[in-house]
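Chemist: No gaps in the numbering here: position 269 of the sequence shown is 269 in full-length UniProt numbering, and each next residue is one more. The beta-carbon is built from N, C-alpha and C at its ideal position, and this holds for glycine as well. So that we are looking at the same thing, I have put the structure below in structure tokens.
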Amino acid sequence: MNLSSTSLSTSTASAPSSSSSTATSWFSGIVRGRSASFKMASNSSSASAGDSLGGGGGPINKKRQFRGVMFKYGPKPIQVAFKTGDYKQQVIFIGGLTDGFLATEYLEPLAIALEKESWSLVQFLFSSSYSGYGISSLKQDALELDQLISYLINKEESEGVVLLGHSTGCQDIVYYMRTNAACSRAVRATILQAPVSDREFKATLPETASMIDLASKMISEGRGSELMPREANPDSPITAYRYHSLCAYNGDDDMFSSDFSEDQLRQRLGHMSNTPCLVMFSMGDEYVPDYVDKKALVDRLCRAMGSAEKVEIEHGNHSLSNRAEEAVQAIIEFVKRDGPKGWDDPWS
């Protein structure tokens, strides 16, 4: 793998051992007991890229060159993460379909802004990154996200994380927070950037209806894990289950659709009221059909999540590539303001 274009240093964990290192993080002891299967090795080699790169000690060396630490957080080859800044509080970016590292334009200025506030930015890959989303699921994403947070707690002595989801990454956050996984208590707050309905967008495409019927038939025949025809999703292989999850009414990924009733939205999103949440909605989002009233939808989503905060980015596109500065400002203001309440004893 050629890493020269992003100027990354790497940190890889050694093989698991029976002994564990002493950690000062107040999360560590209880998380080790509750998520032992996710524990990584006690020793890892980490080197700061800043030692070998000129140009100062910030997280960005020059355009699109991030300096920081790359590490393995789980046993799969894809389970690689990259962290800028060496701080005990982290913002974890969770991308959408086809995303991986450097997925959005605002990540570079966000890394710089977080550095000034003594927060790290973590980007990571999981099984559904890039073209893997079609053969994965929200459940698998949640398991791997929990592994990442466990690593940050046990190896980086994390004092808490903020989850920042983009597009389908918003579904990952909603799903993960419902699981009450061991490490979900470490989530200080959540940010949903572009929480839009895959189903409503897919419904605008002519082939979708017939492919939903085919996916439903395959699932009823016990073939949900088999691949759909290529024309169902030319960008990536996709199973009948994941296609149905993304495209069918009430599929597992169907969380933010405008045609849901208030009760349906509360059933899907109501548990988000337990954690401070910011909804960042792009008012020029190209993946939201023209018939959807965006202002009304974002208000309904926030109500369903127990009066979540909102930021409406006028003329912003789906990834906010045309409004990166506004995106960073909103994220930083939220991260600075919404610290945890009673954080010294999160398990009570």
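#1: What runs of the beta strand (DSSP E), each 3 residues or longer, lie entirely inside the stretch 247-282?
#2: Taking 7 Å as the threshold (C-beta atoms), are A182 and I212 in contact?
#3: Could you tell me if T190 is buried or exposed, where buried requires 16 or more neighbouring beta carbons within 10 angstroms of its beta carbon?
#4: Report the residue from S136, K63, S150 whose alpha carbon sits nearest the alpha carbon of I78.
#5: Compute the beta-carbon to beta-carbon distance between E105 and S319, rounded to the nearest angstrom, for a pair I have assumed lies under 8 Å.
#6: Determine the contact status of M283 and E314, defining contact as a CB-CB distance below 7 Å.
#7: Does the distance from the C-beta atom of G100 to that of Y73 stay below 7 Å?
#8: Does L265 pass the burial test, meaning 16 or more other C-beta atoms within 10 Å, or should it be called exposed?
#9: How about T208 and K202: do their beta carbons lie closer than 7 Å?
#10: Based on DSSP bridge pairs, tell me the residues matched to K310.
#11: Using only CA atoms, which one of G160, G251, G96, I112 lies nearest to A324?
#12: Looking at A240 and M255, is the spacing between their C-beta atoms short of 7 Å?
#13: Mind the definition here: the stretch 259-273 touches the stretch 298-314 only if three or more C-beta pairs lie below 8 Å; say whether that holds.
#14: Confirm, please, whether the CB-CB distance from Y151 to S120 is below 7 Å.
#15: Hey, quick one: how far does the beta strand (DSSP E) through S199 stretch, first residue to last?
#16: State the Cα-Cα distance for the pair R67 and F334, rounded to the nearest angstrom.
#17: Give me the Cα-Cα distance between G55 and T84, rounded to the nearest whole angstrom.
#18: For D285, does the count of other Cβ atoms within 10 angstroms reach 16, so buried, or fall short, so exposed?
#19: Using DSSP with H/G/I as helix, E/B as strand and the rest coil, what is T168?
#20: Please classify L102: does DSSP put it in a helix, a strand, or coil?
#21: Would N117 be called buried (16 or more neighbouring beta carbons within 10 Å of its own) or exposed?
#22: From V91 to A81, what does the alpha carbon distance come to, in whole angstroms?
#23: Whole angstroms are fine: how far does the CA of V187 sit from the CA of E157?
Modeler: Concretely, from the data shown:
#1: DSSP runs (the beta strand (DSSP E)) wholly in the stretch 247-282: 277-282.
#2: The answer is no: Cβ separation not under 7 Å.
#3: The residue is buried, with at least 16 neighbouring Cβ atoms inside 10 Å.
#4: Restricting attention to S136, K63, S150, the CA atom closest to the CA of I78 is found in S136.
#5: Correct: roughly 7 Å between the Cβ atoms.
#6: Cβ atoms of M283 and E314: closer than 7 Å.
#7: For G100 and Y73, no; Cβs fall outside 7 Å.
#8: Taking every protein chain shown into account, the CB of L265 has 16 or more other CB atoms within 10 angstroms, so this residue is buried.
#9: In this structure, T208 places its C-beta atom within 7 Å of the C-beta atom of K202.
#10: Beta-bridge partners of K310 (DSSP): V279.
#11: Closest in alpha carbon position to A324, among G160, G251, G96, I112, is I112.
#12: No, the pair does not count as a contact, with Cβ atoms beyond the cut-off.
#13: The stretch 259-273 is in contact with the stretch 298-314.
#14: No, the pair does not count as a contact, with Cβ atoms beyond the cut-off.
#15: For the sequence presented, residue 199 should be read as Arg rather than Ser. That residue, R199, is in no beta strand (DSSP E); its alpha helix (DSSP H) goes 198-202.
#16: Taking the straight line joining both Cα atoms gives about 25 Å.
#17: Confidence at G55 is low in this model, with a pLDDT of 42, below 50, so its placement is unreliable and the value that follows should be read with caution. Here the alpha carbon of G55 sits roughly 15 Å from the alpha carbon of T84.
#18: It is buried - the Cβ of D285 has at least 16 other Cβ atoms within 10 Å.
#19: Helix, per DSSP.
#20: L102 falls in the coil class under three-state DSSP.
#21: Checking the sequence shown, residue 117 turns out to be Glu, not Asn. So E117 ends up on the exposed side.
#22: Distance between the alpha carbons of V91 and A81 is about 12 Å.
#23: Each residue's Cα considered, the two are about 14 Å apart.
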